[in-house]
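Here the structure comes first, spelled out in structure tokens, and everything after it is commentary.
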Amino acid sequence: MKFPILSRNLGIEEYLITMHFRLSKVGLKSKILVYIVFVSIIPMVAVSIESSQNLQNIIFEEKRTALKAHADICLSQLNYTYSQFLNGAFDNESEAQKSALSAIREFRYGKDFQDYFWIQGERNETAFMIMHPYFPGLADDLETEMSEEANLVMSIALNEVNEVDEDPNEGFIEYDWPLYNDSTVLVPKLSFIKLFLPWNWVVGTGVYIDDVDIIVRSNLIERLIFIFSIYVVIGTVIVVLIWRDLHERDLAQKSKLRLTKILETTSDLVAMATTDLKISFINKAGRKMIGLAEDEDISSLVIPNFHPPEVSNYIKETLIPIAIQKGMSVGETRLLTTKMQEIPVSQVIMAHKNPKGKLEYLSTIIRDISDLKNSETTLKQALHDKDVLLREIHHRVKNNLQIISSLLRLQKPTANLTNVKQFNQDFQNRIRTMSLLHEILYNSSDFETIYLDEYVNLLVKYLQDSYPENSQNVTFQTIIDPIEIDLSQAISCGLIINEIISNSIKYAFSNGEKGVIEIKIWLENKNEIYMEIRDYGKGINPKINFPNDSTLGLQLILGLTNQLNGTVILDRENGTCYKIEFKKSI
Numbered sequence: 003m004k005f006p007i008l009s010r011n012l013g014i015e016e017y018l019i020t021m022h023f024r025l026s027k028v029g030l031k032s033k034i035l036v037y038i039v040f041v042s043i044i045p046m047v048a049v050s051i052e053s054s055q056n057l058q059n060i061i062f063e064e065k066r067t068a069l070k071a072h073a074d075i076c077l078s079q080l081n082y083t084y085s086q087f088l089n090g091a092f093d094n095e096s097e098a099q100k101s102a103l104s105a106i107r108e109f110r111y112g113k114d115f116q117d118y119f120w121i122q123g124e125r126n127e128t129a130f131m132i133m134h135p136y137f138p139g140l141a142d143d144l145e146t147e148m149s150e151e152a153n154l155v156m157s158i159a160l161n162e163v164n165e166v167d168e169d170p171n172e173g174f175i176e177y178d179w180p181l182y183n184d185s186t187v188l189v190p191k192l193s194f195i196k197l198f199l200p201w202n203w204v205v206g207t208g209v210y211i212d213d214v215d216i217i218v219r220s221n222l223i224e225r226l227i228f229i230f231s232i233y234v235v236i237g238t239v240i241v242v243l244i245w246r247d248l249h250e251r252d253l254a255q256k257s258k259l260r261l262t263k264i265l266e267t268t269s270d271l272v273a274m275a276t277t278d279l280k281i282s283f284i285n286k287a288g289r290k291m292i293g294l295a296e297d298e299d300i301s302s303l304v305i306p307n308f309h310p311p312e313v314s315n316y317i318k319e320t321l322i323p324i325a326i327q328k329g330m331s332v333g334e335t336r337l338l339t340t341k342m343q344e345i346p347v348s349q350v351i352m353a354h355k356n357p358k359g360k361l362e363y364l365s366t367i368i369r370d371i372s373d374l375k376n377s378e379t380t381l382k383q384a385l386h387d388k389d390v391l392l393r394e395i396h397h398r399v400k401n402n403l404q405i406i407s408s409l410l411r412l413q414k415p416t417a418n419l420t421n422v423k424q425f426n427q428d429f430q431n432r433i434r435t436m437s438l439l440h441e442i443l444y445n446s447s448d449f450e451t452i453y454l455d456e457y458v459n460l461l462v463k464y465l466q467d468s469y470p471e472n473s474q475n476v477t478f479q480t481i482i483d484p485i486e487i488d489l490s491q492a493i494s495c496g497l498i499i500n501e502i503i504s505n506s507i508k509y510a511f512s513n514g515e516k517g518v519i520e521i522k523i524w525l526e527n528k529n530e531i532y533m534e535i536r537d538y539g540k541g542i543n544p545k546i547n548f549p550n551d552s553t554l555g556l557q558l559i560l561g562l563t564n565q566l567n568g569t570v571i572l573d574r575e576n577g578t579c580y581k582i583e584f585k586k587s588i
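Just remember that my numbering sits 2 ahead of the position in the sequence shown, which is counted from 1.
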């Protein structure tokens, strides 16, 4: 007989699939633990069910043995009463039968003594009930016919007994019979019957099969409750472990999000790579630096893709081995963008290992140092310029002192006590002409060249202020191109202009007359400089034969023009005009 629970669909596979979905977000160790526990339930339940089946078989076998033993007791009572009848203890056979039935009716056994014996008989091929505890009216009437159900049971009993090969006088039968406490409910019952041949009676006793099932169910329930209790404890532990795992993963996820936020806000390139140098992460600043789109796939990219070949070799052969050995390496490299542009960078490579010391992944931080390199270049250039400047200052001081010495030597033959004041003024103007040049250089970023327009305008303003009495009615008109020349030419030009304008202020308009001094300087053919300085005053003494017979001032103009490898023409019409031409040296 099959136990009903065995045919029930437990739905284990569907439950495991559901649990797999719910556990998809926990760690691998927790998943393995949950799977082991749930998989172990199946064999334990199966073992419990198999044990219940075995218990069912054992109980049924015990019941069958007990039923047979009880039937033997009942039959022994009949044999005893029948032997007394044969020995004359009863007046007739009917009294003997009633005595036997009365004794058997008192026999009870089982739980709450609910199990009993019954006796059926057959007369003229009609089955009738002789004794049954639930039918007390049968006690005094041996002729009462059986009901239709009892008749059916008797027919089955007789057929079952006749089919038994080992002993045709006994056997087990299964049939439906009313409950002992509710005659309207029919339930399966197992009975053992024996024939008492002297009186042709069928003696039977049975047990309700559901009672066995209840015992088996109770046993199985107890086992399952025990298993469930164990798994409740195990499940509680698993829940705690899973909660801790999820909590740790949640903390790790939050930490990862915070770290990602930090990495995404930095202006440096931050990237992570596997042990085979495949890039697994790169922040927004890194994508922008390299030239990658924000959503561009990076799964196929490796670190060497973003460096020139020689730099990639340096990283693979030097920086990465150092990082693996010491944990971190630092160096200056060059980054290669998607547009094949190289960017100078400072690069840090870090090796991340597990507690066992095995390399898990690499990370790198790359900072664009283009501005730093430019500043370094600028600083080097500035240091070079300073060195050049120091050399140039030394050279210029030497030259300027030599010029001053030459001017003094030229001035000495003509000097006398009557013109000392004028001598000092003229000499001061010449020195100031050179110092103005150095003032402009001091405020300039270029120490080797100067623009003539700025220099000449300052010089004219200074000369105008140097002779306030003579220049107050003089108008200066300047038309000067922004021509860049080197310092040596600028000094010569400045001294020439100083001599010409000083002479014009002193002599052309000596009595405070109104007048105009024009200064024109322009560039032609990229390197030819032309200067015209004109005054509309008294003009030079016609007795002076220029350039053969000249004053100190004219000698200076002529000598300085020769230093410029230029030419000078003196135009005496309508005042005085000097036309000077020379070529730029730069």
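Every residue gets a Cβ at the ideal spot worked out from N, C-alpha and C, and that includes glycine. For clarity, every value in this text was computed on a predicted model and none was experimentally measured.
Would DSSP call residue i helix, strand or coil?
i	result
residue 369	strand
residue 354	strand
residue 122	strand
residue 1	Residue 1 lies beyond the residue range present for the chain, which begins at 3 and ends at 588; the question has no answer from this structure.
residue 291	helix
residue 555	helix
residue 437	helix
residue 174	strand
residue 266	helix
residue 65	helix
residue 470	helix
residue 256	helix
residue 586	coil
residue 243	helix
residue 301	coil
residue 280	strand
residue 620	A query on residue 620 cannot be resolved here, the shown segment of the chain reaching from 3 to 588 and no further.
residue 2	This structure does not reach residue 2, given that the chain is present from 3 up to 588, and the question cannot be answered.
residue 485	coil
residue 93	coil
residue 306	helix
Could you tell me whether the Cβ atoms of residue i and residue j are closer together than 7 Å?
i	j	result
residue 531	residue 525	yes
residue 80	residue 198	yes
residue 368	residue 271	yes
residue 473	residue 498	no
residue 211	residue 188	no
residue 431	residue 475	no
residue 477	residue 521	no
residue 119	residue 106	yes
residue 439	residue 496	yes
residue 284	residue 300	yes
residue 373	residue 345	no
residue 304	residue 279	yes
residue 584	residue 568	yes
residue 589	residue 333	Any property of residue 589 remains undetermined from this structure, which presents the chain solely from 3 to 588.
residue 533	residue 582	yes
Can you tell me the Cα-Cα spacing of residue i and residue j, whole angstroms?
i	j	result
residue 458	residue 380	30 Å
residue 566	residue 491	7 Å
residue 539	residue 454	26 Å
residue 145	residue 225	Reliability fails at residue 145, whose pLDDT of 47 lies under 50, so the model's placement of it is uncertain and no value is given.
residue 172	residue 65	16 Å
residue 76	residue 111	12 Å
residue 450	residue 482	20 Å
residue 62	residue 55	10 Å
residue 588	residue 488	7 Å
residue 296	residue 363	23 Å
residue 605	residue 90	Nothing about residue 605 can be read from this structure; the chain reaches only from 3 to 588.
residue 456	residue 462	10 Å
residue 486	residue 326	58 Å
residue 104	residue 231	52 Å
residue 302	residue 282	9 Å
Counting Cβ pairs, one atom from each stretch, are 3 or more of them under 8 Å apart for the region 201-210 and the region 66-84? yes
Curious, which full-length alpha helix (DSSP H) runs of at least 4 residues does the region 489-541 contain? 489-505
So, do the region 298-309 and the region 336-348 have three or more beta carbon pairs nearer to each other than 8 Å? yes
Please confirm if the region 274-283 is in contact with the region 229-239, defined as three or more CB-CB distances below 8 Å between the two stretches. no
If we count Cβ pairs, one from each stretch, closer than 8 Å, do we get three or more for the region 501-517 versus the region 543-562? yes
Mind listing, in chain order, the continuous beta strand (DSSP E) runs of no fewer than 3 residues lying wholly within the region 309-351? 330-338
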